[in-house]
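First comes the structure, then the notes that go with it.
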Amino acid sequence: MSTLRGMFITGTDTSVGKTIVTSALAAALRAEGLNAGVWKPVQSGGLLGSGATDAERLLQSTGICERPEAVAPFTFEAPLAPMLAAKQTGVTLSLKEIIAAGKPLIKRYQALLIEGAGGVAVPLTDNALVIDLISMLHVPVLIVARSGLGTINHTLLTISFLQQRGIPIVGIIMNNSECIDALDDPSAVTNTELIEQYSGGLKVLGHFPYLHDEANTEMLIHSVRRTIQLAPIRQALSV
0 MSTLRGMFIT
10 GTDTSVGKTI
20 VTSALAAALR
30 AEGLNAGVWK
40 PVQSGGLLGS
50 GATDAERLLQ
60 STGICERPEA
70 VAPFTFEAPL
80 APMLAAKQTG
90 VTLSLKEIIA
100 AGKPLIKRYQ
110 ALLIEGAGGV
120 AVPLTDNALV
130 IDLISMLHVP
140 VLIVARSGLG
150 TINHTLLTIS
160 FLQQRGIPIV
170 GIIMNNSECI
180 DALDDPSAVT
190 NTELIEQYSG
200 GLKVLGHFPY
210 LHDEANTEML
220 IHSVRRTIQL
230 APIRQALSV
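Here it is in structure tokens:
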């Protein structure tokens with residue numbers, strides 16, 4: 000396999016905004032001249048062609064000219080953990096097959112932003128979790144977390160699990176884009192500081208904002224440049 004330059008974007012849970020953050024980062028990096036691609040190794044909860052799958056949203060938001068089935072080689076309709084969603088269709092996933100399906104993308108792009116399914120402890124195969132895929136890919140991780148109440152626990156547990164496996168963490172992005180209610184959550188003011196304090200010095204790279212309108216590529220680029228520290232991400236992708 001070609002050497003993979005990339006970064007894995009995981010969440011502290013499902014529906015925390017990994018897709019919009021991944022899209023925004025990819026769009027911003029591409030605007031700087033980096034030939035960055037996106038990869039969603041496994042997705043569940045919809046079928047390609049609906050326009051609503053993560054892979055289709057990634058392509059629409061970034062303007063990348065790629066086939067959705069190339070970005071998401073394994074797509075399953077059932078809203079279940081990928082391992083279970085695959086089994087419902089008679090498919091038994093393996094990490095070897097998942098990684099092999101990403102080889103064309105690895106060859107085509109200078110760097111890949113790889114969006115996971117849910118969090119790091121989500122079952123992908125009969126004997127592997129998302130964290131096992133990350134470990135085999137040998138890439139650092141960016142964590143996307145909610146801004147509001149409960150995020151400290153979820154984020155610190157995610158950090159601890161990654162550190163136990165020796166996986167480098169680029170940083171954390173607190174995401175407001177999926178839920179306007181987070182803007183009124185009083186815990187959001189102190190959550191960033193406490194996560195940095197109790198994680199042993201990992202940095203929150205910014206708060207991705209709530210976007211009131213349907214986000215287009217230019218809006219995503221502007222939002223990233225205004226709210227997110229991109230230097231650590233550029234550095235992670237240059238290794």
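At position 44 of the sequence shown the residue is numbered 43 (numbering that gives the first Met the number 0), and the sequence of numbers has no breaks.
We put the CB at the ideal spot given by N, CA and C, even for glycine.
Going by the beta-carbon positions, is the gap between residue i and residue j smaller than 8 Å?
i    : j    : result
I168 : L204 : no
L157 : I142 : For the sequence presented, residue 157 should be read as Thr rather than Leu. Contact flag set, yes.
G118 : T11  : yes
A25  : T61  : yes
G48  : V138 : no
L57  : T18  : yes
S22  : P78  : no
A27  : R224 : yes
P81  : L92  : yes
Going by DSSP, what residue range makes up the alpha helix (DSSP H) through residue i?
i    : result
Q42  : Premise fails: Q42 lies in the beta strand (DSSP E), 41 to 43, not in any alpha helix (DSSP H).
I151 : 150 to 163
Y96  : One point to set straight first is that residue 96 is Glu, not Tyr, in the sequence displayed. Its alpha helix (DSSP H) spans residues 94 to 100.
N190 : 187 to 197
L57  : 53 to 61
H221 : 216 to 226
A71  : Neither: A71 is in no alpha helix (DSSP H) and is coded neither H nor E.
At what residues does the beta strand (DSSP E) containing residue i begin and finish?
i    : result
V143 : 140 to 145
P122 : 122 to 124
V169 : 168 to 174
N110 : As written in the sequence, residue 110 is Ala, which differs from the Asn given in the question. A110 -> beta strand (DSSP E) spans 110 to 114.
L204 : 203 to 207
A35  : 35 to 38
Quick one: residues in its chain with C-beta nearer than 8 Å to the C-beta of residue i, no 5 flanking neighbours on either side, listed in chain order?
i    : result
L94  : L123, T124, A127, D131, L132, M135
K86  : none
S237 : R4
Please return the same chain residues whose Cβ sits closer than 7 Å to the Cβ of residue i, not counting the five positions on each side in sequence.
i    : result
V15  : V143, A144, R145, N174, E177
N215 : none
Please work out which residues of its chain come closer than 6 Å, Cβ to Cβ, to residue i, disregarding the five sequence neighbours upstream and downstream, and give them in chain order.
i   : result
G45 : A51, T52
#### Entry: Uninterrupted beta strand (DSSP E) stretches inside the segment 3 to 33 (no shorter than 3 residues)
Listed in chain order, the complete beta strand (DSSP E) runs (minimum 3 residues) inside the segment 3 to 33 are 5 to 10.
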